[in-house]
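In my numbering, the protein residues as written are 19 to 407. Beta carbons are placed, not taken as given, at the ideal position from N, Cα and C, and that holds for glycine.
Listed below in structure tokens is the structure:
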């Protein structure tokens with residue numbers, strides 16, 4: 019997706035030749051550029067790890083087919099963090115110190131990301147974080163390729179009001195940093211549009227019976243359930259909510275919803291839910307259809323493609339563009355090259371902010387219907403709020 023002009027390529031090649039003459043490049047000509055991928059392949063969020071892998075694999079194969087990065091082949095080294103913060107730190111340290119990776123992709127949860135942050139900074143290795151999150155990080159060694167609240171949630175709340183869905187909310191999510199901080203941000207947004215938060219509740223992972231909270235939500239009178247319970251627990255809740263008839267009383271605004279959930283609720287279930295997203299796979303946009311087609315050619319015709327696939331793909335393509343912009347294969351130079359970078363992604367143009375390393379990109383409101391996720395509204399490019407205070 020990233021197009022480098024012949025002039026840029028020649029300039030980059032000249033810069034490499036010049037440093038090679040003095041024996042100074044961090045990676046010798048022809049040596050493999052390694053990228054670590056500390057992702058969940060077990061422990062409950064392996065579905066998201068597989069989505070990440072599909073995107074990274076496609077990016078690596080495209081880069082290598084086009085001659086690599088300044089003549090260097092790219093290799094992605096996968097490590098299972100078991101959906102566990104402590105294991106995430108151990109695996110990150112392993113790929114950085116033993117395998118000498120240029121950057122680390124991952125993880126999925128905010129808890130694992132926060133646990134890894136100190137290690138990334140100490141070892142001066144960038145973390146390519148491609149999961150939507152609650153915002154608030156400003157660090158030289160972290161790049162966020164997915165969304166923050168002002169991009170995915172802030173447009174959704176006024177949209178639901180304008181559509182006549184409602185303006186009173188019950189918030190229910192998992193008891194960890196992402197839902198709590200997302201609901202904190204959403205509460206302020208709801209007040210801005212004159213709405214009301216009627217209830218706010220959290221649950222530990224692993225709960226099997228949600229009947230009591232479902233009754234509480236139903237009795238609250240709220241018109242919208244702002245929902246942030248990812249993975250298998252979220253699927254269990256939605257199934258039980260359907261059985262109890264909750265979905266006939268409230269509209270669900272599902273934070274972090276993606277195509278990975280489609281079909282999990284049963285035939286004809288999970289309909290009419292809304293989400294803010296950076297990509298919808300069945301969009302009629304040519305770039306999206308081309309991207310989905312390439313993923314399915316690589317991973318199989320039945321592969322589910324969500325925005326997680328795209329954002330991880332984008333992260334590796336940004337590494338390529340950042341190194342080529344810098345003109346040498348070096349971590350610090352790559353970081354400088356990626357800051358302020360403008361590049362093409364499947365949904366159009368994207369730009370990495372100079373200081374806080376978040377991404378401005380096209381955004382969408384999606385709605386489930388007829389067993390799929392559809393584009394309800396194209397929002398255009400939304401820049402992330404500044405994260406550096």
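What first and last residue would you give for the alpha helix (DSSP H) that runs through residue 138?
-> For the purposes of this step, residue 138 is taken as residue 120 along the chain shown, with counting starting at 1. According to the DSSP assignment, residue 138 belongs to the alpha helix (DSSP H) that extends over 128-140.
Check whether the segment 307-314 touches the segment 275-286, counting contact only when three or more Cβ pairs, one atom from each stretch, lie closer than 8 Å.
-> Fewer than three pairs of CB atoms, one per stretch, sit closer than 8 Å, so the segment 307-314 makes no contact with the segment 275-286.
Measure the C-alpha to C-alpha separation of residue 168 and residue 334 and round it to an integer number of angstroms.
-> Within the chain shown, residue 168 is the residue found at index 150, counting from 1. Within the chain shown, residue 334 is the residue found at index 316, counting from 1. Near 24 Å, if we compare the C-alpha coordinates of residue 334 and residue 168.
Near residue 388, which residues of its chain fall below 7 Å by C-beta distance, leaving aside the five closest residues on each side in sequence?
-> Along the chain shown, read from residue 1 onward, the residue named residue 388 stands at position 370. Cβ neighbours of residue 388 beyond the five flanking positions: none.
Is it the case that the Cβ atoms of residue 123 and residue 57 are separated by a distance below 9 Å?
-> As a working mapping, residue 123 is identified with position 105 in the chain shown. As a working mapping, residue 57 is identified with position 39 in the chain shown. Yes, these two residues count as a Cβ contact at 9 Å.
6 Å Cβ shell around residue 298 - same chain, five flanking residues per side excluded | Indexing the chain shown from 1 puts residue 298 at position 280. Closer than 6 Å at the Cβ level, and outside the excluded window around residue 298, lie 382, 384, 391 and 393.
Keeping to the same chain, check which residues put their C-beta closer than 6 Å to that of residue 293; ignore five residues upstream and five downstream.
-> For the purposes of this step, residue 293 is taken as the residue at position 275 of the chain shown. So the qualifying residues of the chain are 272, 275 and 384.
Going by beta carbon distance, what residues of the same chain come within less than 8 Å of residue 50, once the five residues before and after it are set aside?
-> Your numbering for residue 50 matches position 32 in the chain shown. These residues qualify, in order along the chain: 90, 91, 92 and 93.
For residue 313, does the three-state DSSP call read helix, strand or coil?
-> Mapped onto the chain shown, residue 313 falls at position 295. If DSSP states are grouped into helix, strand and coil, residue 313 belongs with the helices.
Which residue from 270, 194 and 205 puts its Cα closest to that of residue 287?
-> Within the chain shown, the letter at position 269 stands for residue 287. Closest option to residue 287, Cα to Cα, is 270.
Spatial distance of residue 118 from residue 227 (CA atoms) | By 1-based counting over the chain shown, the position of residue 118 is 100. By 1-based counting over the chain shown, the position of residue 227 is 209. If I take the Cα positions, the gap works out to 46 Å.
Considering residue 251, what are the terminal residues of the alpha helix (DSSP H) in which it resides?
-> What you label residue 251 is simply residue 233 of the chain shown in a count that begins at 1. Residue 251 -> alpha helix (DSSP H) spans 249-262.
Assign residue 330 to one of three DSSP states: helix, strand, or coil.
-> Translated into the one-based positions of the chain shown, residue 330 becomes position 312. Note: residue 330 maps to helix in three-state DSSP.
Three-state class that DSSP yields for residue 344 in the structure shown | Working through the chain shown from its first residue, we reach residue 344 at position 326. In this structure, residue 344 counts as helix in the three-state DSSP scheme.
What's the gap between the Cα of residue 27 and the Cα of residue 338?
-> Sequence index remark: in the chain shown, residue 27 carries index 9 (1-based). Sequence index remark: in the chain shown, residue 338 carries index 320 (1-based). Confidence at residue 27 is low in this model, with a pLDDT of 35, below 50, so the placement of that residue should be treated as unreliable; the coordinate-derived value is given next. In this model, residue 27 and residue 338 are separated by some 12 Å (Cα to Cα).
From 210, 155 and 243, pick the residue whose C-alpha is nearest to that of residue 191; which is it?
-> Counting from one through the chain shown, the residue named residue 191 turns up at place 173. Residue 243 is the option with its Cα nearest to residue 191.
Starting from residue 174, trace the alpha helix (DSSP H) both ways and give me its first and last residue.
-> Taking the chain shown and counting its residues from 1, the one referred to as residue 174 is at position 156. Its alpha helix (DSSP H) spans residues 174-180.
Cα-Cα separation, residue 209 to residue 176 = Locating residue 209 in the chain shown gives position 191, counting from the first residue. Locating residue 176 in the chain shown gives position 158, counting from the first residue. For residue 209 and residue 176, the distance between alpha carbons rounds to 11 Å.
CB of residue 14 within 9 Å of CB of residue 405, strictly = This structure leaves residue 14 out entirely; the chain is present only between 19 and 407.
Collapsed DSSP secondary structure at residue 16 in the structure displayed = Absent from the structure is residue 16, since the part of the chain shown begins at 19 and ends at 407.
Who does residue 54 pair with in a DSSP beta bridge?
-> Locating residue 54 in the chain shown gives position 36, counting from the first residue. DSSP lists 95 and 122 as partners of residue 54.
Using a threshold of 9 Å, state whether the C-beta atoms of residue 77 and residue 106 are closer than that.
-> Numbered from 1 along the chain shown, position 59 holds the residue referred to as residue 77. Numbered from 1 along the chain shown, position 88 holds the residue referred to as residue 106. Taking a C-beta distance under 9 Å as the contact criterion, residue 77 and residue 106 do not qualify as a contact pair.
C-alpha gap between residue 397 and residue 203, whole angstroms = Position 379 of the chain shown, counted from the first residue, corresponds to residue 397. Position 185 of the chain shown, counted from the first residue, corresponds to residue 203. Each residue's CA atom was taken as its position, placing residue 397 and residue 203 some 20 Å apart.
Which first and last residues belong to the alpha helix (DSSP H) in which residue 208 is found?
-> Locating residue 208 in the chain shown gives position 190, where the first residue counts as 1. Here the alpha helix (DSSP H) through residue 208 covers 195-210.
Indicate the three-state DSSP secondary structure (helix, strand or coil) for residue 213 in the structure shown.
-> Looking up residue 213 in the chain shown gives position 195. Look at residue 213 here: in three-state DSSP terms it is coil, with no helix or strand label.
Could you tell me if residue 296 is buried or exposed, where buried requires 16 or more neighbouring beta carbons within 10 angstroms of its beta carbon?
-> The sequence position of residue 296 within the chain shown is 278, counting from 1. That one is buried.
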